[in-house]
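full-length UniProt numbering puts the first residue of the sequence shown at 1, with every later residue one more than the last.
A virtual CB, placed ideally from N, CA and C, is assigned to each residue, including glycine.
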Amino acid sequence: MEKRTSASTAAARSSLDQLEGVEAVPLDQLSEDGYQAKKKMILAIVRHAGSVTLAVFQNQMRKVIVVFIFICFLLTYNLIALSEATYGYTALKRHLTSKLEHPAPTTDSDTGATIEAPALEDVQSIEAFWQYISHVTLDALFVEDAIPTTIYTAIAGGQQASAPPSLPVTPSGLWHNKVQLSLINVRHIDPLALKQPEELMLLIAEFMLALFVLYYIAEEISELSILKLRYLRDGWNLLDWTNLILLMVAFYLRLVAMVDASRLDLQQASTDMTQYVNLLPVASTVHLTQRIHAFNIILAWLKAIKFLGFLPYSLLGFAIAKFSASIGYNVAYGESMPQLAPFGDALFFLARGFIGGVFTSAITGRLQFRLVIVLWFFGLRCLYATIAYFVSSARSTELSSDDGHESLTDIVSAKVVVLKNAIVKSIDWEAFMQTKLRGLYARWYVPKIKRLHQLENKAESRKKKLVRQRTELHIPVHDAEGNEVPPNIVADDDEKAGDEGKAPEDIRHEKRLKMLLSAKPGVRWKATALTNSITARPRQLDARSKGDESEGSSSDDGLIQLGPLQPSKIKKRRKQFLQKYRLYGHDEESVHMPVTAGEVFQSAEAMTDQLLGRTKGVGREARKDIKRAEEGLIFLRDAVQLLNRRIKDLAIQQEEVLAIQ
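The structure is reproduced here in structure tokens:
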């Protein structure tokens with residue numbers, strides 16, 4: 001960042017010099033206009049540096065604002081989704097307690113036994129609560145068909161319900177009672193008739209959630225207009241749109257439920273017990289909205305992974321360990337210790353214990369818990385110290401790698417390679433036998449290896465002898481596909497002696513010509529279609545190609561580009577040549593491809609362009625260094641001139657003082 005700022009400052013200074021026409025002259029020789037121009041230049045440099053710093057600060061603040069908005073959106077959405085399950089049950093229980101202070105007992109339709117109504121203020125299990133409601137509903141259905149008088153009258157104070165019963169007959173002939181009770185809050189029907197503060201808070205949360213949806217839609221549309229097709233390649237954008245579409249569908253169903261409920265006459269049904277209003281369509285819509293919210297909240301939490309890059313990974317690891325340990329202590333010791341009963345209290349208690357701010361009287365008499373919590377504190381602190389150590393070591397390694405042009409990933413990869421080699425070396429059974437089982441290695445393994453080498457040499461000698469006999473007797477050789485191919489030429493001692501005076505390139509060239517001329521008649525015309533470079537190949541170009549291949553083999557993917565003479569391209573041409581002329585049984589390295597003058601010129605042109613580009617780059621860097629050095633010398637000269645003027649002024653003042661004395 002400092003290099004970027006200095007470069008931009010130098011650019012701004014040079015542009016100001018060009019605009020103002022300021023020349024590099026000593027300060028004592030500057031006129032009033034020149035002094036003002038120099039002053040303006042310095043102020044421009046300071047303003048530019050301040051603007052760069054402000055831009056960096058604005059970028060960081062933009063990230064903080066984005067994360068803060070997402071956290072507010074996530075908390076608001078969680079508040080709405082969780083309240084749908086908890087607040088409805090609490091409100092229904094409150095209304096039933098106020099309306100049915102002394103509920104009558106009911107009779108089980110299966111066994112005939114009397115079921116006492118549980119005290120609603122003491123009900124802790126929602127299962128027992130729904131069981132009593134279902135029995136009351138079904139008894140009213142069979143006795144007087146009074147579902148609205150039993151359920152609706154009890155909850156007419158602000159909570160509505162829809163109870164579609166199902167009465168299947170079991171194989172034994174008994175009736176199986178089942179009731180699905182869907183709760184509808186007043187805010188689902190008439191938002192203007194809210195009375196409780198909790199309902200008003202939920203209505204405000206829904207309004208805030210709608211504002212968040214509008215904000216994210218505008219943000220996604222602006223991003224789509226900038227990135228265009230690249231926008232669709234990012235999976236996070238598809239996840240964002242899925243989340244927003246589900247939210248819009250939930251809001252639409254919310255409005256549909258309100259419109260359907262506005263058409264019903266609920267005022268008369270709440271005062272007249274004989275009136276019945278079918279709330280099942282409204283309840284089904286509300287229930288579907290709750291299911292959409294339950295699924296969409298998972299996608300909202302999944303989006304939180306995208307913002308983990310803004311947080312240090314050390315803080316993230318510490319938070320995960322803290323939350324997981326708090327959940328474990330809440331589940332294990334929540335019943336025995338009131339400080340750990342709710343999850344929030346457990347989280348706060350362990351956080352205070354980590355910094356030494358808890359009283360030991362809370363865990364007095366619990367030796368097992370005391371031992372575990374001490375070990376947990378010790379392990380968590382060790383984990384935090386380990387994370388801090390790795391963060392500092394990674395930072396120092398990254399800083400040191402900037403000078404050596406070696407990144408942290410390269411260092412880790414090198415360590416992994418070293419570890420892999422050590423593991424492979426440790427499981428080398430041959431070395432293990434040679435060091436630990438020397439007798440077995442000498443009596444069994446060494447003779448076995450020697451025997452294998454002897455068999456391989458014998459098979460190779462037999463193969464050469466068979467090829468030599470076929471060559472002498474002119475026996476055709478066929479490949480696996482049934483095509484006739486020329487036999488491998490194996491020179492005997494006489495042929496080797498006759499070829500001693502020839503160059504290796506000529507020997508290989510003659511062998512290839514023999515193989516081409518002895519090919520099948522159907523493909524012999526292809527051999528005549530070769531370029532003249534096969535029959536009249538300059539030896540100097542072959543030597544040049546060989547030298548380039550040996551030197552460029554290590555730089556196939558390096559900095560030097562040889563054009564057509566690149567080793568990878570030569571290897572590809574060899575392979576194509578073998579496939580085209582069906583030269584089976586030959587190694588690619590043994591086939592030497594001819595080099596034309598055009599290819600040499602193209603390769604030289606590629607290297608020349610590359611060298612020219614590097615020369616220009618070095619020249620640009622040198623000019624930049626010279627310019628920076630010149631600017632430094634100019635400032636140094638100005639400082640020296642200021643010092644000289646100050647010295648002259650001091651000398652004049654001293655002479656005046658001495659003259660007065």
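For this session: Kindly say whether residue 627, judged by its beta-carbon, lies nearer than 9 angstroms to any beta-carbon of chain C.
Result: No chain C is present in this structure, which holds just one protein chain.
Problem set entry | residue 247 versus 222, 295, 265, 219, residue with shortest Cα-Cα distance | 295
Exercise. Given that a residue counts as buried once 16 or more other Cβ atoms are within 10 Å of its Cβ, and exposed if not, what is residue 215?
Worked result: exposed
For this session: Can you have a look at residue 427 and say buried or exposed, based on whether 16 or more other CB atoms are within 10 angstroms of its CB?
Result: exposed
Problem set entry | Three-state class that DSSP yields for residue 634 in the structure shown | helix
Problem set entry | Nearest residue (CA-CA) to residue 218, options 232, 205, 241 | 241
Exercise. Alpha carbon to alpha carbon, what distance is there between residue 611 and residue 466?
Worked result: 54 angstroms
Exercise. Is residue 184 helix, strand or coil when you go by DSSP?
Worked result: strand
Exercise. Around the C-beta of residue 603, are 16 or more other C-beta atoms found within 10 angstroms, so that it is buried, or is it exposed?
Worked result: Classification for residue 603: buried.
Exercise. Can you name, in chain order, every residue of its own chain whose Cβ lies under 7 angstroms from the Cβ of residue 306, other than the five neighbours on each side?
Worked result: 236
For this session: Measure the C-alpha to C-alpha separation of residue 337 and residue 321 and round it to an integer number of angstroms.
Result: 21 angstroms
Exercise. Per the contact definition of three or more C-beta pairs closer than 8 angstroms, is the segment 220-237 in contact with the segment 190-204?
Worked result: no
For this session: Please name the residue in 565, 200, 626, 627 whose C-alpha comes closest to that of residue 598.
Result: In terms of CA proximity to residue 598, 565 leads the group 565, 200, 626, 627.
For this session: Determine the direct distance from the alpha carbon of residue 41 to that of residue 659, and round the result to whole angstroms.
Result: 42 angstroms
Exercise. For residue 163, which of helix, strand or coil comes out of DSSP?
Worked result: Any reading at residue 163 must be qualified, since the residue scores a pLDDT of 46, below 50, and its modelled position is unreliable; the value itself is stated next. Here residue 163 sits in coil by DSSP.
Problem set entry | Straight-line gap, residue 197 to residue 184 (C-alpha atoms, nearest Å) | 17 angstroms
Problem set entry | Complete alpha helix (DSSP H) runs within the UniProt domain "Polycystin cation channel PKD1/PKD2" (200-311) (minimum length 4 residues, chain order) | 229-232, 235-262, 266-271, 280-303
Exercise. Does the count of Cβ pairs from the segment 204-215 and the segment 260-268 closer than 8 angstroms reach three?
Worked result: no
Exercise. Where residue 570 and residue 619 are concerned, what is the direct C-alpha to C-alpha distance, given to the nearest angstrom?
Worked result: 34 angstroms
For this session: Decide if residue 243 is buried, meaning its Cβ has at least 16 other Cβ atoms within 10 Å, or exposed.
Result: If you draw a 10 Å sphere on the C-beta of residue 243, you find 16 or more other C-beta atoms in it, and that means buried.
Exercise. Mind checking whether residue 350 and residue 324 have CB atoms under 9 angstroms apart?
Worked result: no
Problem set entry | Inter-residue spacing [alpha-carbon to alpha-carbon] between residue 601 and residue 413 | 41 angstroms
For this session: For residue 190, name the three-state secondary structure that DSSP assigns.
Result: coil
Exercise. Would you report the Cα separation of residue 441 and residue 459, rounded to the nearest angstrom?
Worked result: 26 angstroms
For this session: Using beta-carbon positions only, say whether residue 300 and residue 279 come within less than 9 angstroms of one another.
Result: No, these two residues do not count as a Cβ contact at 9 angstroms.
For this session: Keeping to the same chain, check which residues put their C-beta closer than 6 angstroms to that of residue 76; ignore five residues upstream and five downstream.
Result: 205, 208, 209
Exercise. Is residue 562 helix, strand or coil by DSSP?
Worked result: In the structure shown, residue 562 sits in coil (DSSP, three-state: anything other than H, G, I, E or B).
Problem set entry | residue 437, DSSP secondary structure in three states | coil
For this session: Check whether the Cβ atoms of residue 212 and residue 343 sit closer than 9 angstroms, and answer yes or no.
Result: no
Problem set entry | residue 303 versus residue 53 - alpha carbon distance | 31 angstroms
Exercise. In chain order, what residues of the same chain have a beta carbon less than 6 angstroms from the beta carbon of residue 188, not counting five sequence neighbours either side?
Worked result: 257, 286
For this session: Confirm, please, whether the CB-CB distance from residue 629 to residue 562 is below 9 angstroms.
Result: no
Exercise. Leaving out five residues before and five after residue 633 in sequence, what residues of the same chain have Cβ atoms less than 7 angstroms from its Cβ?
Worked result: Nothing listed; no residue qualifies.
Problem set entry | Status (buried if at least 16 other CB within 10 Å, exposed otherwise) for residue 636 | exposed
Exercise. Anyone know if the C-beta pair for residue 330 and residue 346 falls short of 9 angstroms?
Worked result: Less than 9 angstroms divides the Cβ of residue 330 from the Cβ of residue 346.
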